[in-house]
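Participant:
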Amino acid sequence: MKIKVLKRTENELKIEVEGAGHTLCNLLQKKLLENENVDVAGYDIPHPLTSNPIIYVRTKSPLKPEDALLDAVERAKEMNKEFGEALKRLLQA
Amino acid sequence: MLELKTLESDETNLRLLVTGVDTPYINAIRRIVLTEVPCMAIDEVVIIENSSVLHDEIIAHRLGLIPIKTDLDGYNLPEECSCRSEFGCNLCRVTFTLDREAKDEPVTVYSGDLVSENPNIAPVSDKIPIVKLGRGQKLKLEAYARLGRGKNHAKWQPVSLSAHKHLPKIRIDAEKCNACGKCVETCPRKVLAKSKGKVEVVDLYACTMCRDCVDACPEEPSAIEVNWEKNAFIFILESTGALPPERIITEAVKILDRQLKEFTDQIAEVQKA
Ligand code: SF4
Ligand code: SF4
Ligand SMILES: [Zn+2]
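Protein sequences, first through last, are from chains A and B. Each residue of the first sequence is one higher than the one before, starting from 1 at the first, in our numbering. Each residue of the second sequence is one higher than the one before, starting from 1001 at the first, in our numbering.
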């Protein structure tokens, strides 16, 4: 996975994520929107076969968009960890 | 609180009741199962002799679609293998050979005729027809199976089905319901049953939320209500036999974790810049 910055200001971040798709972007977008200090969060895949997704985040100061993204990933990770543990318990039982 | 419950589980099927996750998460797992969890499939075929009625390409394509029992721990994905060879090595490739000939009688060549160099890596079923040979026709080839991902070709999908649906919520208003039984008759999935002058939900998981029962109810407004739980899902996974279903979902969780970690690292890079 490789992230390319397309636009970066105090409260805005637009990145192109090489090697990701709807799977990850949709998850992150929804997690971003759970944060009330996130103004706008969206993603677009301009062409279904040839493009990388573009994620756009705009936040309310003082929240930085990078931190909003990290927070979103963190919550996704948390859910995945819980799911993984529950799955392990289930399969061992 | 995240909870999992097995509703059905056998060699190839897994049906779980998942509570406490949201739609984007369960959808990510569903998609990763389809597109990212690797399994083996024949990827390259060297035809030595083919006098059957099918073209080489069609035979190669048919071979590619045969599900193969996969050993994820013993083999590497070609792009991750240290050999860096286009053709592969012992760690990223399994060789199959096939040699059949129809002498006096026509024969059908089956997946079971493929001879693997590793007895643990073999077609899931021996009974998949590849081609029919007429008298005097011959098929001789070497095929190479490799690990791959469903996003590149459907033959590398370890599942024939990966889906989720909301857990239905059915409420019958005992005050309004006159126990006429119309909803029971209408339900195509036999979710409802009448017993002792009352209508009950007997098979909630089978409900497709079609709401035919709601329309069938003569009461106005309807005495039966169909809705869904917000954060509860039924997750259905049907393996092709390439990998056990439990392994597939466990791998999916691992892959998602790896992707999220990679994303975090990349954002950290952005912050530094
Ligand atoms: S919604 Fe459809 S499947 Fe569910 S109980 Fe009603 S009629 Fe049956
Ligand atoms: S159709 Fe309506 S009134 Fe009749 S049994 Fe079903 S819920 Fe009750
Ligand atoms: Zn190799």
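Think of the CB as a built atom: it goes at the ideal place given N, C-alpha and C, for glycine as much as any other residue. Predicted model, so just to flag it, every value in this text is computed and none were measured.
(1) Evaluate A/THR23 with the Cβ neighbour count: other Cβ atoms within 10 Å of its Cβ, from every protein chain shown; 16 or more gives buried, anything less gives exposed.
(2) In the region 1172-1249 of chain B, which residue ranges form an unbroken alpha helix (DSSP H) of at least 4 residues, counting only runs that do not cross its ends?
(3) Tell me the DSSP secondary structure of B/VAL1021 in three-state form.
(4) Would you list, in chain order, the members of the region 6-17 of chain A that have their beta-carbon closer than 9 Å to a beta-carbon of chain B?
(5) Output, in chain order, the set of chain A residues within a Cβ distance shorter than 8 Å of B/LEU1260.
(6) What residues come near ligand 3, if near means a beta carbon less than 7 Å from any of its heavy atoms?
(7) What residues from the region 1020-1041 of chain B come within 8 Å of chain A, judged by C-beta to C-beta, listed N to C?
(8) Could you run through the region 1111-1125 of chain B and flag, in chain order, every residue whose CB is less than 7 Å away from some CB of chain A?
(9) Could you list which residues in chain A have their beta carbon closer than 8 Å to that of B/THR1006, in chain order?
(10) If we ignore side chains and look at the alpha-carbon of each, how far apart do B/THR1095 and B/ALA1102 end up?
(11) Can you name the start and end residues of the beta strand (DSSP E) that B/ASN1050 belongs to?
(12) For B/THR1012, go through chain A and note every residue whose CB falls closer than 9 Å to its CB, in chain order.
(13) Could you list which residues in chain A have their beta carbon closer than 7 Å to that of B/GLU1220, in chain order?
(14) Step through the CB atoms of chain A and report whether any lies within less than 9 Å of the CB of B/ASP1215.
(15) Hey, out of B/LEU1014, B/TYR1025, B/LEU1077, whose CA is closest to B/LEU1002's CA?
(16) Would you call the region 1155-1174 of chain B in contact with the region 1225-1245 of chain B, where contact means no fewer than 3 C-beta pairs closer than 8 Å?
(17) Using 8 Å for Cβ pairs, my map puts A/ILE3 next to A/LEU28. What's the rounded Cβ distance?
(18) Does B/ILE1058 pass the burial test, meaning 16 or more other C-beta atoms within 10 Å, or should it be called exposed?
(19) Quick one: what does DSSP say A/ASN26 is sitting in, helix, strand or coil?
(20) Would DSSP call A/LEU33 helix, strand or coil?
(21) Please compile the residues from chain A whose C-beta is within a distance smaller than 9 Å of the C-beta of B/ASP1073.
(22) Between which two residues does the beta strand (DSSP E) holding B/GLU1142 run?
Facilitator: The short version:
(1) buried
(2) 1182-1186, 1212-1216
(3) coil
(4) ARG8, LEU13, ILE15, VAL17
(5) LEU24, VAL73, ALA76, LYS77, ASN80
(6) B/ASN1076, B/PRO1078, B/CYS1081, B/SER1082, B/CYS1083, B/SER1085, B/GLY1088, B/CYS1089, B/LEU1091, B/CYS1092, B/ARG1093
(7) GLY1020, VAL1021, ASP1022, THR1023, PRO1024, TYR1025, ASN1027, ALA1028, ILE1029, ARG1031, ILE1032, THR1035, GLU1036
(8) none
(9) LEU90
(10) 24 Å
(11) 1039-1050
(12) Simply none; closest approach about 16 Å.
(13) Under the 7 Å cutoff, chain A gives no residues; its nearest Cβ is about 38 Å from B/GLU1220.
(14) no
(15) B/TYR1025
(16) yes
(17) Rounded, the Cβ-Cβ distance is 12 Å, inconsistent with contact.
(18) exposed
(19) helix
(20) helix
(21) Those do not exist, as B/ASP1073 stays about 17 Å from chain A at its closest Cβ, beyond 9 Å.
(22) 1138-1148
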